[in-house]
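Take the sequence shown: its position 191, counting from 1, is numbered 191 in UniProt numbering, and each next residue is one higher.
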Amino acid sequence: MLARKEIFPNVIELNYQAGELLGCNVYLVFEGNEWILIDIGFEETVEDYIDVIRNIDFPLANCKTLIATHADVDHIQGLAKAKQILGTTVTSHPLAVKALESGDKLQTFAEIALQDIHLDMPPVKIEHQIVDGDILTVGKLELEVWHTPGHTNSQLSFRMGDLLFSGDNIYRDGCVGAIDAHHGSDIPDFIKSLERIRQSDVKWLLPSHGPIFRKDNAMLDKTIARLNSYLHMADFGTCAVDWPLMDEWEDEIVKGVLPKE
1 MLARKEIFPN
11 VIELNYQAGE
21 LLGCNVYLVF
31 EGNEWILIDI
41 GFEETVEDYI
51 DVIRNIDFPL
61 ANCKTLIATH
71 ADVDHIQGLA
81 KAKQILGTTV
91 TSHPLAVKAL
101 ESGDKLQTFA
111 EIALQDIHLD
121 MPPVKIEHQI
131 VDGDILTVGK
141 LELEVWHTPG
151 HTNSQLSFRM
161 GDLLFSGDNI
171 YRDGCVGAID
181 AHHGSDIPDF
191 IKSLERIRQS
201 DVKWLLPSHG
211 PIFRKDNAML
221 DKTIARLNSY
231 LHMADFGTCA
241 VDWPLMDEWE
251 DEIVKGVLPK
261 E
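Below, the structure written as structure tokens:
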């Protein structure tokens, strides 16, 4: 058996444990005889992650549930396979259930024809639905469910003491999860979710991609300001709420204003 590399007490990140980048961040939270996984990644890496779990002496039968932070293929394509191997249940937000149970390729980003992305999206039954304010228990541990929409309408985060498993809300470099109208993104909701994180007293953010980092309010302020600008930019199409340039253009037409040299 290998030594467990706990990044915080009762928390193991499986890429870090493996010593190599296998995919999205997969968090194993444990206490006593129980453990859960937050996300699982692509189907092709499921057995790699499970080998890691075996090698650090976690009985597979003790997995309480698999949690989908949201319905994106890079986080959940392997759910059906992992569920079968572990003999456990799957948990998600209600707004993710339809896409997960139907294997919706478009909503999960498994099919993006113009980028030549054509991935399988195995459907998976969702046994448990959780919403904001619910409490998940793992042994004696408690994880508070936060619904943090914006990147997707089903995005979940989980608070455990000073830690926030923060999904695709924010990364260490100030980037955020992809904003795309076909994906169900919503910029005003995204801003509210980031403000909730900013205003909280959590100390550490454990994202779904990239390194874990200490919450940096100055960085969050900068990111929130950037997203506020997106609300008024044509760059973000139907995810924006308006385009002030068109109001200026209409006013110039009415006034007969000519191009300025």
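Glycine included, C-beta positions come from ideal geometry on N, C-alpha and C. Quantities reported herein were computed from a predicted structural model and do not represent experimental measurements.
Residue i burial status per 10 Å Cβ neighbour count (16 or more: buried)
{"i": "Met246", "result": "exposed"}
{"i": "Ala71", "result": "buried"}
{"i": "Arg226", "result": "exposed"}
{"i": "Leu14", "result": "buried"}
{"i": "Gln84", "result": "exposed"}
{"i": "Ala234", "result": "exposed"}
{"i": "Arg4", "result": "exposed"}
{"i": "Lys260", "result": "exposed"}
{"i": "Met160", "result": "buried"}
{"i": "Glu43", "result": "buried"}
{"i": "His118", "result": "exposed"}
{"i": "Lys64", "result": "buried"}
{"i": "Ile253", "result": "exposed"}
{"i": "Trp249", "result": "exposed"}
Assumed close pair residue i, residue j - CB separation to whole angstroms, cut-off 8 Å
{"i": "Ser166", "j": "Ser154", "result": "Not really, about 15 Å apart at Cβ, beyond 8 Å."}
{"i": "Phe8", "j": "Leu163", "result": "6 Å"}
{"i": "Ile130", "j": "His93", "result": "6 Å"}
{"i": "Lys222", "j": "Val202", "result": "Going by Cβ atoms, the distance from Lys222 to Val202 rounds to 18 Å, so no, they are not a contact pair."}
{"i": "Asp168", "j": "Ser208", "result": "5 Å"}
{"i": "Ile40", "j": "Gly78", "result": "4 Å"}
{"i": "Val11", "j": "Ala80", "result": "No, Val11 and Ala80 are not in contact; Cβ-Cβ is about 25 Å, not under 8 Å."}
{"i": "Pro122", "j": "Gly139", "result": "Pro122 to Gly139, Cβ: 30 Å. No contact."}
{"i": "Leu206", "j": "Ile197", "result": "Actually they do not touch by this definition, with Cβ atoms about 12 Å apart."}
{"i": "His183", "j": "Phe109", "result": "7 Å"}
{"i": "Leu100", "j": "Ile126", "result": "6 Å"}
{"i": "Glu195", "j": "Ile170", "result": "Not quite, the Cβ-Cβ distance comes to about 11 Å (not below 8 Å), so this is no contact."}
{"i": "Ser185", "j": "His151", "result": "6 Å"}
Continuous beta strand (DSSP E) stretch holding residue i: start and end
{"i": "Phe190", "result": "Note, Phe190: premise wrong, no beta strand (DSSP E); alpha helix (DSSP H) at 187-199."}
{"i": "Pro207", "result": "204-207"}
{"i": "Val29", "result": "27-31"}
{"i": "Ile12", "result": "11-13"}
Residue i, enclosing alpha helix (DSSP H) - first and last residue
{"i": "Thr223", "result": "217-230"}
{"i": "Trp35", "result": "No alpha helix (DSSP H) contains Trp35, which is instead part of the beta strand (DSSP E) from 34-38."}
{"i": "Glu252", "result": "244-255"}
If we count Cβ pairs, one from each stretch, closer than 8 Å, do we get three or more for the segment 173-180 versus the segment 132-144?
-> Contact check between the segment 173-180 and the segment 132-144: fewer than three CB pairs, one atom from each, fall below 8 Å, which does not count as touching.
For the segment 138-190, which segments carrying the alpha helix (DSSP H) assignment without a break, of at least 4 residues, lie completely within its bounds, in sequence order?
-> Those alpha helix (DSSP H) runs which fall completely within the segment 138-190 and span 4+ residues do not exist here.
Stretch-stretch touch, CB-based, cutoff 8 Å, three pairs: the segment 8-28 with the segment 46-54 = Three or more Cβ pairs drawn from the segment 8-28 and the segment 46-54 lie within less than 8 Å of each other, which places the two stretches in contact.
Kindly provide the ranges of any beta strand (DSSP E) runs that are 3 or more residues long and lie completely inside the segment 37-125, ordered along the chain.
-> Whole beta strand (DSSP E) segments, 3+ residues: 63-67, 90-92.
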